[in-house]
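A.B. asks:
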Amino acid sequence: MAIPKPSLTDLIKNLKLILQSRYSATKQSSRDQQPLSKMEPSEPEDYVTRTALQEIDTVEISPLHPEYMVIGTYSLVKTSEPRDYEAQTRRGTLQILPVSSIFIPKYAGMLPPSLDKLEFSCAIVDIHFHPSDPSLLGAATSIGEIHFFRFIKHGDVLGRRVLVRLIPLGIAKVAEDDQHGLSALVTQFTWLSDLSTHGIRDLNDFQRVGLAFTTSFGDTKIASLEIPAIRDLNDHRVSSTKPPDVHFKCEQVSHHELEAWTVSTFPLASTHDNTTCLVLSGGDDSALLAAQVTLPNLSSSQLDEDQTITSSPLWKERRTHTAGVVAILPLPRIRTTTSSRGGPEPIKEIVPLVTGSYDETLRVFELDLVTFRPTLKTEISLSGGVWRLKVLDQYSTLSLQGESNGEHLIDEDQKIGIVHGSRQGSDLGNVKQHTLILASLMHAGAMVLRLTYSHRPSPGEDAWTVTPLTKFRAGHESMVYCCDASLDVDDQELGGGMGSNANEPLRREESEARDSNGKGKDKASPTLDANTQHHKVSPPTYTVVSTSFYDMKICTWKFVDEYKATVKQNAAASGVRIGK
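Positions 1 to 580 (the UniProt record's numbering) are the ones given, in order, by the sequence shown.
1) Considering only the alpha carbon of each residue, which of Phe217, Val174, Ser135 and Ala172 lies closest to residue 581?
2) Three-state secondary structure (DSSP) at tyrosine 453?
3) Using alpha carbons as the reference points, say which of Arg50, Gln394, Ser396 and Leu382 lies closest to alanine 446.
4) On the three-pair Cβ rule with 8 Å, is the segment 89 to 108 touching the segment 46 to 58?
5) Run through the DSSP bridge pairs and tell me what threonine 58 is partnered with.
6) Quick test of your reading: residue 621 and glutamate 366, contact by CB under 8 Å. State the CB separation rounded to the nearest angstrom.
7) Going by other Cβ atoms of all chains shown within 10 Å of its Cβ, with 16 needed for buried, is glutamate 407 buried or exposed?
8) Which residues in the same chain as alanine 212 place their Cβ atom closer than 6 Å to its Cβ, once the five residues preceding and following it in sequence are excluded?
9) Let me check understanding here. Comparing Cα to Cα, which of Arg450, Leu314 and Glu251 lies closest to proline 296?
10) DSSP puts glutamine 207 in a beta bridge; with which residues?
11) Quick one: what's got a C-beta closer than 6 Å to lysine 390's C-beta in the same chain, skipping five residues either side?
12) Is the beta carbon of tyrosine 542 sitting closer than 8 Å to the one on alanine 474?
13) To the nearest angstrom, how far is it from the Cα of arginine 514 to the Cα of serine 281?
14) Thinking just about the alpha-carbon of each residue, which of Arg83, Thr308 and Trp464 is nearest to the one in serine 224?
15) Excluding sequence positions up to five away, which residues of its chain have a Cβ less than 7 Å from the Cβ of serine 121?
16) Between residue 665 and lysine 153, what straight-line distance do the alpha-carbon atoms span, to the nearest angstrom?
17) Could you compute how far the alpha carbon of isoleucine 143 sits from the alpha carbon of threonine 371?
18) When you compare only the Cα positions, how much space is there between glutamate 360 and threonine 241?
19) Quick one, are the C-beta atoms of proline 539 and alanine 565 less than 8 Å apart?
20) For valine 489, which three-state DSSP category applies?
21) Go ahead and pull the three-state DSSP assignment for glutamine 569.
22) Round the Cβ separation of proline 168 and histidine 147 to the nearest angstrom and send it over; I've been treating them as touching at under 8 Å.
23) Output the distance between the C-alpha atoms of glycine 283 and isoleucine 61, rounded to the nearest integer angstrom.
24) In this structure, how does DSSP classify tyrosine 85 when only helix, strand and coil are distinguished?
25) Let me know if valine 489 comes out buried or exposed under the rule of 16 or more other beta-carbons within 10 Å of its beta-carbon.
26) Going by C-alpha to C-alpha distance, which of Thr271, Ser101 and Ala287 sits closest to serine 299?
27) Note down, in chain order, each residue of its chain lying with its Cβ closer than 8 Å to the Cβ of serine 114, except the 5 sequence neighbours on either side.
28) What's the gap between the Cα of valine 466 and the Cα of glutamine 292?
29) Using the DSSP secondary-structure output, state which residues sit across from phenylalanine 148 in a beta bridge.
30) By Cβ distance below 6 Å, which residues in the same chain neighbour isoleucine 328 in space, the five residues on each side in sequence not counted?
31) Give every residue of the same chain whose Cβ lies closer than 8 Å to the Cβ of glycine 109, excluding the five residues on either side of it in the sequence, and list them in chain order.
32) In this structure, how does DSSP classify glutamate 43 when only helix, strand and coil are distinguished?
33) Find out if the Cβ-Cβ distance for the pair proline 468, proline 41 is shorter than 8 Å.
34) Going by the beta-carbon positions, is the gap between isoleucine 124 and glycine 170 smaller than 8 Å?
35) Applying the criterion that 16 or more other CB atoms from any shown protein chain within 10 Å of the CB defines a buried residue, is serine 239 buried or exposed?
36) Is valine 448 closer than 8 Å to threonine 547 when the C-beta atoms are compared?
Set out below in structure tokens:
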């Protein structure tokens, strides 16, 4: 009996089934290849929202007094508004605000603190506390200047309140106007970690510091500055008039074809006289530039006025990013070992580099230790322009062969060649280096993610993974340009109040706790109850402040690193010495 030929309709149906089957298999295979990079992040259930009086584009929590933060604002001057000078186009403020919106008095009759607010005839574009002197604050402006301040907090006994002030130390005009009189914006700056103090205390002493910065004219520069070492309001150099000009030396490092948006440095070598570092910059031209810079050793007690700053370009990378490079985050070197038969194990050094771009992609590179050229290792789309990146924490874990309770938290001494009891180096499993990062994602909100480098003793199995952990968007209706976070400490002073004039720094429109649907909450989030469970290791909890520009919102929320608590608990249970 002859088999009937299939009709045209049957052939089309069979073809559709085949194509659908292949598409499903391909999609599943794609999901299996990058499970960690595609994990759906959680959203904080509780948050507090406040509204500022101006657009916020930069925020920093005080390292010394984490109950307070400083915000910088950026507003365009409208044609109908009065101007401080004829060509003024922007104005801004520096304001000290409490991280908490609720003032909790520490004694009967205590009043809310008096918090500084400084106004400028230009916009505040970027602010940072110095990594080695957390009371020293720098503020970059829209007219090519960087202002310097001392952040102080002291008690007013008669006034029954705390006073928190920004003492002006000086101004450095680091970028000149162009031939048409147009001012350059200092789009970002970063401190060099070293500093030294010279002169006679409280008379003429100054701090010698260094910083790198970018401008809207496309320039990347590095500078060495001498800032008056004023420590409090009683210093005779504190002036009620304009702060003095700061003495500085400046050197051009590189130039972008369009606006330069971000800069970062990485230390290479240091001698008694000089410091050498790698300066990386990114701009609107989609380029990542690198240069090697040598400058006088900032930590040296000797001061040589004749020393100069030298710079030499290394490379220009513009094939990887498909839009402007707006965030650069070099990470500390990672030292690993590769097992070998006989003899010492060779040491391998990894220099990680993380970048963010307008193309909504976070990328992870490794830098070659000879040429310092980057090699792309992995990337992930975060659904928003990756404008700023900040490290919250770094730690290592180890999975021991034969152990059933997963990964263990280890310290730096244990990371390589750990020996515990009868365990030898050959028993080591997977060593992982974790970096917790806070990202400002413009229209996509704020995100906490974990970057993990996995290393095994056998070669050829290293890998990078990016895991989004928490994404916050609910409280923001416009671009999120800046975030900051601080690790909660049990005995840390919290609260701080709304200022001596509640209507001045903020409008308290929304100070109640809200969930992701905007509804009021009657009790704390269940995730925070882990701190009360005495049989478990308390997970690290961060207070995160995220701000959005056009709607002028300040949102405060919590992030809990449950993973670190778990691996720490595993280490305690197995007897492995616990890291920090």
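We put the CB at the ideal spot given by N, CA and C, even for glycine.
No experiment lies behind these values; they were computed from the predicted model shown.
C.D. replies: Taking the geometry as given:
1) The chain is shown from 1 up to 580; residue 581 falls before or after that span and cannot be answered.
2) Looking at tyrosine 453 - three-state DSSP - the assignment turns out to be strand.
3) The residue with the shortest Cα to Cα distance from alanine 446 is Leu382.
4) Three or more Cβ pairs closer than 8 Å define a contact, and the segment 89 to 108 meets that threshold against the segment 46 to 58.
5) Gly72, per the DSSP bridge assignment.
6) Outside the shown range of the chain (1 to 580) lies residue 621, about which nothing can therefore be said.
7) So glutamate 407 ends up on the buried side.
8) So the list reads Thr190, Ile222, Val263, Thr265 and Val279, once near-sequence residues are dropped.
9) Comparing Cα-Cα distances from proline 296 to each of Arg450, Leu314 and Glu251, the minimum goes to Glu251.
10) DSSP output for glutamine 207 lists Thr197 and Ile227 as bridge partner(s).
11) These residues qualify, in order along the chain: Leu438.
12) Taking a C-beta distance under 8 Å as the contact criterion, tyrosine 542 and alanine 474 do not qualify as a contact pair.
13) At arginine 514 the pLDDT is 46, less than 50, meaning the model places this residue with poor confidence; the figure from the coordinates comes in the next sentence. Each residue's alpha carbon lies about 39 Å from the other.
14) Of the listed residues, the one whose Cα sits closest to serine 224 is Thr308.
15) The beta carbon of serine 121 is closer than 7 Å to those of Asp84, Tyr85, Gln88 and Arg91 in its chain, skipping five residues each way along the sequence.
16) Coverage of the chain is limited to positions 1 through 580, which leaves residue 665 absent and any answer about it impossible.
17) Straight-line Cα distance between these residues: approximately 36 Å.
18) A straight-line Cα-Cα distance of about 45 Å links glutamate 360 and threonine 241.
19) By the CB criterion at 8 Å, proline 539 and alanine 565 fall inside the cutoff.
20) For valine 489, the three-state secondary structure derived from DSSP is coil.
21) In this structure, glutamine 569 counts as helix in the three-state DSSP scheme.
22) Yes, proline 168 and histidine 147 are in contact; Cβ-Cβ is about 7 Å, under 8 Å.
23) Each residue's Cα considered, the two are about 27 Å apart.
24) In this structure, tyrosine 85 counts as coil in the three-state DSSP scheme.
25) Per the 10 Å Cβ criterion, exposed.
26) When Thr271, Ser101 and Ala287 are compared, the shortest CA-CA separation from serine 299 is found for Thr271.
27) Exclusion of the five residues before and after serine 114 leaves Asp156, Gly159, Arg161, Val162, Leu163, Val164, Gly499 and Ser500 as the residues of its chain whose Cβ lies within less than 8 Å of its Cβ.
28) Going by the C-alpha atoms only, they are around 29 Å apart.
29) Paired residues: Gly138 and Gly170.
30) Cβ within range, chain order: Thr262, Ser264, Leu280, Gly282 and Thr355.
31) Around glycine 109: Arg160.
32) The answer is coil: DSSP assigns glutamate 43 none of H, G, I, E or B.
33) A contact, by the Cβ cut-off of 8 Å.
34) Taking 8 Å as the cut-off, the beta carbon of isoleucine 124 is found no closer than this to the beta carbon of glycine 170.
35) When all chains shown are included, serine 239 counts as exposed.
36) Cβ distance not < 8 Å, so threonine 547 and valine 448 don't count as in contact.
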